[in-house]
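Residues in the sequence shown are numbered from 138 upward in steps of one, following our numbering. In this text, a Cβ means the ideal position worked out from N, Cα and C, and glycines have one as well.
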Amino acid sequence: MGYGVEIWGWEEKEGMERLEERYLRWVLGVDRRTPGYLVREELQREKLRGRAGRRVWKFGRRLEEGGGSELARRCWEEVKEKSRRRGRLSDWEEGRKKYLSDRGLWEEGEGEKKGEQEARLEEMVKWEREVQRAERWERIKESRYSKWYKKVKKEGIPEYLKKGWGESR
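Take a look at the structure:
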């Protein structure tokens, strides 16, 4: 699901989220009307936005450090050059800036040490997971779909899903 996320990953894509939820419903074998938040809670899966944001941020860092493919670096440099000439950021860069500044990762001017950025990224990932977990549980508490679920669900992945994880394939 994350293929090409470095290009489209700055904002949450509803179509991609729906597709992933549909796949997860199929894997669990539940009805198509089962709410996505219940499926994600049962499997302890976060939305794509958290994983995508992390990959996108790391991709940008890699390009700035001279890594990645030559074509990707050229495109990155072209976007930066056009922004300098116009005196404003491109739409893609604006989306990137908004996403990163909302999470406290946007840097103006001088950058900070790589270790500090990595630590902030890890904090952002933890924060995103907790926010999504809280959102899921809020919806579960208010749910009319399955009123008993909040009473039987415990923290973590259910035992029936862990069965056979130790087996080699």
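Cβ neighbours of Arg306 in the same chain (closer than 7 Å, five flanking residues each side left out): Low per-residue confidence applies at Arg306: pLDDT is 47, beneath 50, and the placement is therefore not dependable enough to give any value.
Minimum C-alpha distance to Arg233 - residue among Trp213, Gly224, Arg222: Trp213
With 16 other Cβ atoms within 10 Å as the buried cut-off, status of Lys184: buried
Beta carbon of Val176 nearer than 8 Å to that of Leu161: yes
Nearest to Ile277 (by Cα), restricted to the options Lys288, Lys300, Val268: Lys288
When Ile294, Phe196, Ser283, Trp229 are compared against Asp168, the one with the closest alpha-carbon: The shortest Cα separation from Asp168 among Ile294, Phe196, Ser283, Trp229 belongs to Ser283.
Alpha helix (DSSP H) segment containing Val289, residue limits: 286-289
Which listed residue (Arg182, Glu296, Met153) has its alpha carbon closest to that of Val268: Arg182
Contacting residues, own chain, Cβ-Cβ under 8 Å from Arg240 (five flanking each side not counted): The beta carbon of Arg240 is closer than 8 Å to those of Gly190, Met261, Trp264, Glu265 in its chain, skipping five residues each way along the sequence.
Where Glu296 falls, given that 16 or more other Cβ within 10 Å makes a residue buried: exposed
Candidates Trp163, Gly166, Lys150, Pro172: closest to Ser280 by CA position: Pro172
Anticipated Cβ contact below 8 Å, Lys290 with Glu178, distance rounded: 7 Å
Supposed contact pair Trp194 and Leu226 - C-beta distance, whole angstroms, cut 8 Å: Not really, about 17 Å apart at Cβ, beyond 8 Å.
Outcome for Arg186 when other beta-carbon atoms lying within 10 angstroms are tallied against a minimum of 16: buried
Distance between beta carbons of Val216 and Glu230, contact taken as under 8 Å: 6 Å
Range covered by the alpha helix (DSSP H) that runs through Ser220: 207-223
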